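A short write-up of the structure that comes next.
Residue numbers (my numbering), protein chains in the order written: chain A, 1 to 556; chain B, 1001 to 1296; chain C, 2001 to 2291.
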């Protein structure tokens, strides 16, 4: 055996040497290429935001796809209206090096691509990946390119969500990634209530947290579905606690508690929301509700898709969630029972201070450019094109964003920066047009959405979910209120994960969710919360707080 | 009689080359266990060497011991029942004389193997529910209080083992059935002559006939002593049962979520491999020593 | 000449095995029922073992979905090519390794050499890089060659080969037959049950694998069926739904569509299985040889 082992290791060694040879040559080749070319980039050469390259240049990308895409007949991910536009109008021929499904597999594919040193010219990354790319000196500073090429409208869109999206991609004062901007405010939570049940049981609409607790109790105990069986739940909750449907974020906000985000304390320093004393009261309330049988005894093992069966089958009428829950899962409830009616209400609070909905950065990915690329500004031009064709003067929304009979056509563009307030604005223009009787003058997204609302009013029940969002008492009316009163509680930390976060965050999150779940289930006493705060600090939270504040100072 | 060994070398050559390239080639990656590996820097790039830091890091995490224990507990139960159940079922199926029935049973027991845990997870939440699940209804008929299979720390590991066996026993059963067909029919004839009934024939002919297969599969399954089944646990567990159901693989997955911690993941993988390697090697030699049988 | 006790046992046995089969067939029936139900009934959790609000729309949708059939085709390619290579290499490795050390010197070393690959792995990144450097990405070979040697099957076959009586080899050698002849004329015909078993395993392995397809194929056209299904079945992270994604929400609930595709994905194996079965249900009588 010992002789066998020796042979084995010899072979292994030989093999690894061969391997080293191969990839060494390829990576060093890339590096050279990079350092030679990066000097050549001259920004002033062409400042036209939508100027066409002649001859057409080739640009390489990678992309993700998801299962919900429904393209028009004849279109594919590699051949569609967006890629045609970029090639014909901007002179940029988009080529995908690979395509992978969104989620874990995409991340893994991205990591093997990074490791093999063969990244595409333009790459859409997370803050963590961006930081790694910067550390490995593989991507370039985009500050000047952005300033020189971004159209006014693009700049307006990209800066409409505050400085957060740029802070996250700024390392040592240089901008390494353009935010693929998406809405933050759309992540705010609301209270969704089945109003036909409210009427049936003679309950008032929720104005305070107390009302919410009463509704929950009544929905659980007073047989709102009148089937004589005790089979309804009060408040719907998923096992993951923080989902956009049936999460608890909005509930905590009602107690002025802000789990999972970094907030400013009175002294102007950042502190972690999950460990503040306000959390304790909210947890106690949840514990009592669970003990009282208002929360599904089995919620602790049910993912969102499973919990969603309850409202859909008429067994639940109250949850906290984002603006879209009427499309899913509530639409299923309406399909099954046309008398079911739901309405969103603003978050309410336990005292006379208004509840402030917390939001995190909606932008989750940034565009970086590989060092040595000849035309790095091409990505900025594509940003310009995307924004212009959807929301600009020459917009053709029903061609490029939501053509009749297709879903997700806009996703066919590699960069997809969307105005952070676009949904709210669509709502406002629809309401205005309805009030003025000028609905026939609506254009773009507002028109498409209005048609759906209208068709519900004309009797199409399958469009009910849209009416709940954009209709007269739709959820965006509350969103406007949130915004006008400036109620949003933003996550103040938008940087890449700090060193200690990388090491400890997962453990701390697990600790947090485990303790919270146990408290709600009643298997841990509420005093466990104090121990959790101590543990959280000791297990790295203290250090993370320091690092987060260090980052905060660095961007000020 | 001396026969040339030449053809034998020729036979193994293609397989050996492919294994060398596709299995041993990538093993250089084991070095990542000793690095703070950052994908963007490349496999042979300028990675930071950290010695045993990755191992230390994992060991010092607050829940490592709990996770290790859960893994061992769940995996051991899976190995034991995963070995026994298919033997019993194979013997029972072998007693079925009705050919169509025999074939149908064989086909159906292999079916759960084709459904992924994502799909089965949703189904299990339903049938195991303490309030509406069919299993608890049946238990209720015999006067047993409802059991929260997926939410109780006592029952969760049992549920994992049970559902894993349910999904995979068809696989093992096929191997044993194939082995039973290899038993010389004359042995049964001889046993009948001696007046043995079916039960005795099973005991004295079938089981000894399966001995080698049992030893083989038993030893090989020891290689899984630290594999408690990522996909299954990941789809069934929840914070509520971390205490009893969190295993090494899910634990590492969560650590790695925030940042691709390949170094740590590789270190844990290496640890698992070394432990399995030791166990299998020891049992290999034990089998050789006491049963005089080399399993491979 | 069966005793009364055996008769009772037989009845008990039949009932037990039938119940066991029902337990195993139940999830697939549920999937099938879902696939024929209306989408809203499915998302309300009303479907158990029988379709609710029966509809064929899922199947109509899948039937028109080119990607589905394309990936089915890739899967067939993979299974046939991969199964063939697996079979050849398994037999070619198992035969020499089932010899005694004095007949084939490196057998023990080689057995361990193969076995170690079941335990030690280099991890995703180097594995990917090896396949990339060999220019196999995005080709069918990337799915077939790295899995060319199913070690578990080889070990299984070694053990079965070793149980075959040694006298036959010697007799054949005396008749002047070489190793190739012995393997082909004696070992293979005598091992049909186990060969059917390992063939089934390798077909199923190739059919069920999805991860390698996702990582090694650069374009979705080249995904095998299970990789494609993975993109359909995975659950969306509900905390991460973007504001621009509203239109896609209705699709999330489409469990019926997923079920139809899952069921169609199992179908080919259900069809192939009985063909292989005839080799190991009955058993092959090893004629005229002592055990």
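Beta carbons: idealized from backbone N, C-alpha and C, even for Gly.
Note that the structure is predicted; figures quoted are calculated from it, not measured.
### Selection of the region 2198-2220 of chain C by Cβ proximity to chain A, strictly under 7 Å
Shown in chain order are the members of the region 2198-2220 of chain C whose Cβ falls below 7 Å from a Cβ of chain A: 2214, 2215, 2218, 2219 and 2220.
### Task
Select from the region 2114-2133 of chain C all residues with a C-beta closer than 9 Å to any C-beta belonging to chain A, and list them in chain order.
Answer set for the region 2114-2133 of chain C: 2116, 2124, 2125, 2126, 2127, 2128, 2129, 2130, 2132 and 2133.
### Cα-Cα separation between residue 1245 of chain B and residue 2016 of chain C, rounded to whole angstroms
Roughly 31 Å separates the two Cα atoms.
### Query
Roughly how many angstroms lie between the CA atoms of residue 241 of chain A and residue 185 of chain A, to the nearest whole one?
Cα atoms of residue 241 of chain A and residue 185 of chain A: separation of roughly 20 Å, rounded to the nearest angstrom.
### Query
Can the beta-carbon of residue 142 of chain A be found less than 8 Å from the beta-carbon of residue 90 of chain A?
Their beta carbons are not under 8 Å apart, which means residue 142 of chain A does not touch residue 90 of chain A by this criterion.
### Query
What number of angstroms, rounded off, separates the C-alpha of residue 2085 of chain C from the C-alpha of residue 2095 of chain C?
Approximately 16 Å between the Cα atoms of the pair.
#### Entry: One or two residues paired with residue 125 of chain A in a DSSP bridge
Partner(s): A/366.
### Message
With a threshold of 8 Å between beta carbons, is residue 2046 of chain C in contact with chain A?
### Response
It does: the Cβ of residue 2046 of chain C has a partner Cβ on chain A nearer than 8 Å.
### Query
Is any beta-carbon of chain A found at less than 8 Å from that of residue 1239 of chain B?
So, interface residue.
### Message
Please confirm whether residue 301 of chain A has its beta-carbon closer than 8 Å to some beta-carbon of chain B.
### Response
Taking Cβ atoms only, chain B reaches closer than 8 Å to residue 301 of chain A, which makes this a yes.
### Task
Answer with buried or exposed for residue 2083 of chain C, where buried requires no fewer than 16 other C-beta atoms within 10 angstroms of its C-beta.
Result: buried.
### Task
Could you name the residues of chain A that residue 2040 of chain C contacts, counting a contact when the two beta carbons are closer than 9 Å?
Contact of residue 2040 of chain C with chain A by beta-carbon distance below 9 Å involves 312, 331, 332, 333, 334, 335 and 336.
### Message
With a threshold of 8 Å between beta carbons, is residue 2283 of chain C in contact with chain B?
### Response
Residue confidence for residue 2283 of chain C is low, a pLDDT of 46 falling below 50, so the modelled location carries little weight; the figure read from the coordinates is stated next. At least one chain B Cβ lies under 8 Å of residue 2283 of chain C.
### Task
Would you mind telling me which residues of chain B sit closer than 8 Å to residue 138 of chain A, beta carbon to beta carbon, in chain order?
Result: 1040.
### Query
Near residue 2020 of chain C, which residues of its chain fall below 7 Å by C-beta distance, leaving aside the five closest residues on each side in sequence?
So no residue of the chain qualifies.
### Task
Evaluate residue 1008 of chain B with the Cβ neighbour count: other Cβ atoms within 10 Å of its Cβ, from every protein chain shown; 16 or more gives buried, anything less gives exposed.
Classification of residue 1008 of chain B: buried, given that the 10 Å Cβ count is 16 or more.
### Task
Leaving out five residues on either side along the sequence, give the residues of the same chain with a beta carbon under 8 Å from the beta carbon of residue 470 of chain A.
426, 427, 430, 449, 450, 452, 453 and 476, listed in sequence order.
### Task
Would you tell me roughly how many angstroms separate the C-alpha atoms of residue 93 of chain A and residue 57 of chain A, rounded to the nearest one?
For residue 93 of chain A and residue 57 of chain A, the gap between their C-alpha atoms comes out near 6 Å.
### Query
Does the pairing of the region 1157-1177 of chain B with the region 1229-1247 of chain B give three or more beta-carbon distances under 8 Å?
In this structure the region 1157-1177 of chain B lies against the region 1229-1247 of chain B, because at least three pairs of beta carbons, one per stretch, are closer than 8 Å.
#### Entry: Proximal residues to residue 444 of chain A (C-beta, below 6 Å), its chain only, five neighbours per side dropped
For residue 444 of chain A, where only same-chain residues beyond five positions count, the Cβ hits under 6 Å are 395 and 397.
### Task
Could you check the C-alpha separation between residue 1112 of chain B and residue 188 of chain A for me, to the nearest Å?
Looking at the two C-alpha atoms, the distance is approximately 41 Å.
### Query
Helix, strand or coil: how does DSSP classify residue 19 of chain A here?
Because the pLDDT of residue 19 of chain A is 45, which lies under 50, any placement of that residue in the model is unreliable, and the question is left without a value.
### Query
Does DSSP put residue 2058 of chain C in a helix, a strand or coil?
DSSP places residue 2058 of chain C in helix when its eight states are reduced to three.
### Query
How many Å lie between residue 261 of chain A and residue 530 of chain A at the Cα?
Distance between the alpha carbons of residue 261 of chain A and residue 530 of chain A: 19 Å.
### Task
Could you tell me whether any Cβ in chain B is nearer than 8 Å to the Cβ of residue 132 of chain A?
For residue 132 of chain A, the answer is yes, since a Cβ of chain B falls inside 8 Å of its Cβ.
### Message
Tell me the DSSP secondary structure of residue 404 of chain A in three-state form.
### Response
In this structure, residue 404 of chain A counts as coil in the three-state DSSP scheme.
### Query
So, helix, strand or coil for residue 464 of chain A, using DSSP?
Looking at residue 464 of chain A - three-state DSSP - the assignment turns out to be helix.
### Whole-angstrom distance between residue 1104 of chain B and residue 27 of chain A, CA atom to CA atom
Confidence in residue 27 of chain A is poor, its pLDDT being 37 and thus under 50, which makes the residue's placement too unreliable to answer from.
### Message
Between which residues of its own chain and residue 1288 of chain B is the CB-CB distance below 6 Å, once the five residues before and five after are set aside?
### Response
Excluding residues within five positions, the ones whose Cβ falls inside 6 Å are 1294.
### Message
Just verifying my parser: in three-state terms, what is the DSSP assignment at residue 2227 of chain C?
### Response
Three-state result, residue 2227 of chain C: helix.
#### Entry: Helix, strand or coil at residue 242 of chain A [DSSP, three-state]
DSSP places residue 242 of chain A in coil when its eight states are reduced to three.
### Message
Could you tell me the alpha carbon to alpha carbon distance between residue 83 of chain A and residue 412 of chain A, rounded to whole angstroms?
### Response
If you take the alpha carbons of residue 83 of chain A and residue 412 of chain A, they lie about 8 Å apart.
### Nearest residue (CA-CA) to residue 481 of chain A, options A/118, A/194 and A/190
Cα-wise, what sits closest to residue 481 of chain A is A/190.
### Task
Compare the C-alpha of residue 499 of chain A against each of A/509, A/547, A/342 and A/519 and name the closest.
Looking from the CA of residue 499 of chain A, the closest CA among A/509, A/547, A/342 and A/519 belongs to A/547.
### Task
Would you mind telling me which residues of chain B sit closer than 7 Å to residue 2036 of chain C, beta carbon to beta carbon, in chain order?
Going along chain B, no residue has its Cβ under 7 Å from residue 2036 of chain C, so there is no contact; the nearest lies around 16 Å.
#### Entry: Backbone CA spacing between residue 2081 of chain C and residue 2114 of chain C [nearest angstrom]
In a straight line, the C-alpha of residue 2081 of chain C is about 22 Å away from that of residue 2114 of chain C.
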